[in-house]
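Note that the working numbering has the sequence shown beginning at 476, numbered continuously upward.
Glycine is no exception: its CB is placed at the ideal position from the N, C-alpha and C atoms.
This structure is a prediction, so every number in the text was calculated from the model and none was measured.
Below you'll find the structure, written out as structure tokens, and then a few comments.
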Amino acid sequence: MIRLFRYLLAIAGLCMILAPADGRAEDILLTVTLPDRIVSFDRTALEALPATAFETSTIWTEGVQQFRGVRMTVLLAHLGIEGGQLQLTAANDYSIEIATGSFRPDGAILAYERNGTPMTLRSKGPLWLVYPYDSSPDFRSEVIYSNSIWQLDRISLK
């Protein structure tokens, strides 16, 4: 009986070690660091913002893809960001800097779906900064391509 109790106690301890501390940490897709606060977004919070969808081809995928997400201009307005430099960082710590003024209302979205499916790390998700590349030559430049960061999980206002 004592052996069974020790065995069950060991299993319970292992479960506690492996469980996330708050039960939700794995659900956070994006953390935005601002001078006065940190804002975390799970999928539900991102989907609560006005969504945009468009179809475009990319240099990283085959054929036309449909992307759905939040316009960067909408996200910035929601956060009260009116200027400055953003540092966008991916899960693998790849990082870029973009001036907030470079985002246009017809431009980049923070995509959370591709072809109707939530993106995973393996499919360039969970978030990918995507431009409507096919809609204008303005969105087909080396600068835009290098700004198209995938596996995005952090944004900081500099």
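Burial state of A552 (16 or more Cβ within 10 Å): For the purposes of this step, residue 552 is taken as residue 77 along the sequence shown, with counting starting at 1. Classification for A552: exposed.
Distance, E537 Cα to L521 Cα: Stepping through the sequence shown from its first residue, residue 521 is reached at position 46. Stepping through the sequence shown from its first residue, residue 537 is reached at position 62. Per the coordinates, the alpha-carbon of L521 lies some 27 angstroms from the alpha-carbon of E537.
Own chain residues within Cβ distance below 6 angstroms of D502, not counting five before or after: As a working mapping, residue 502 is identified with position 27 in the sequence shown. D517, listed in sequence order.
Whole-Å CB distance - G555 paired with K633, under 8 angstroms assumed: As a first step, residue 555 must be located in the sequence shown, where it is residue number 80. As a first step, residue 633 must be located in the sequence shown, where it is residue number 158. With 8 angstroms as the limit, G555 and K633 do not qualify as a contact, their Cβ atoms being about 16 angstroms apart.
Spatial neighbours of N622 in its chain, beta-carbon cut-off 7 angstroms, leaving aside the 5 residues before and after: One-based indexing of the sequence shown puts residue 622 at position 147. Contacts found: I571, I573, L604.
Span of the alpha helix (DSSP H), counted from its first residue to its last, around L615: For this step, residue 615 is matched to residue 140 along the sequence shown. Going by the sequence as given, residue 615 is Arg instead of Leu. Careful: R615 lies outside any alpha helix (DSSP H) and carries neither H nor E.
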